[in-house]
Every structure is written in C-alpha cells, then in structure tokens.
Amino acid sequence: MLYPSIDKLLNHVGSKYLLVNVIAKRAKEIQETEHYQLKEEEYKSRKPIGRALEEVAKDLIHLKED
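This is the structure:
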C-alpha cells in the first residue's frame, strides 16, 4: 500500500495531475541536490518519490498559485 494515501495527499493539493507534477519536480530536486526537508531517519521511504510524497503529506511543500 502506498504511504501516504492518495486521499490524504489530495487534501493538500487540488488535483491528481498537480500532485504528479509537484512530486516529480520535488523528487528530481531531492535526487540532484540531496536536500531534504526532514532528517533522513524520519522518512519511511528510501526513494526520492516516496520522500517527496511524505513531504507533501506533512505540508512541507507549499504551492504558489498564479
């Protein structure tokens, strides 16, 4: 099962499409810079995509609306 759940993530982001874009961009950023919002031992996931999902769930990523 995916952690965190899609329902919880959609409370923070307006749509599935926006969620995919945000997660992809943040995962790529994590992979390139190795900059994390949390301490490494606080993540449940080891992969950048899972870590990006966790950051969205914990409301560490804020979206600017144009």
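When the sequence shown is numbered by the numbering used here, its final residue is 232 and no position is left out of the sequence of numbers. Cβ coordinates follow ideal geometry from the N, Cα and C atoms, glycine included. This one's a predicted model, so the numbers in the text were calculated from it and none came from an experiment.
Alpha-carbon spacing of residue i relative to residue j, whole angstroms
i    : j    : result
S211 : V186 : 17 Å
P170 : E198 : 23 Å
K182 : L204 : 24 Å
L184 : L175 : 11 Å
L226 : R192 : 11 Å
Extent of the continuous alpha helix (DSSP H) to which residue i belongs
i    : result
Y183 : K182 to T199
V176 : The sequence shown places Leu at residue 176, rather than the Val named in the question. I172 to L176 is the extent of the alpha helix (DSSP H) around L176.
Neighbour-count burial assignment, residue i, 16 or more Cβ in a 10 Å radius
i    : result
E206 : exposed
Residue closest to residue i, alpha-carbon to alpha-carbon, out of the options
i    : options             : result
G216 : G180, N177 and A190 : A190
Checklist line | Any beta strand (DSSP E) of 3 or more consecutive residues that is wholly inside the segment 198 to 224 | finding: none
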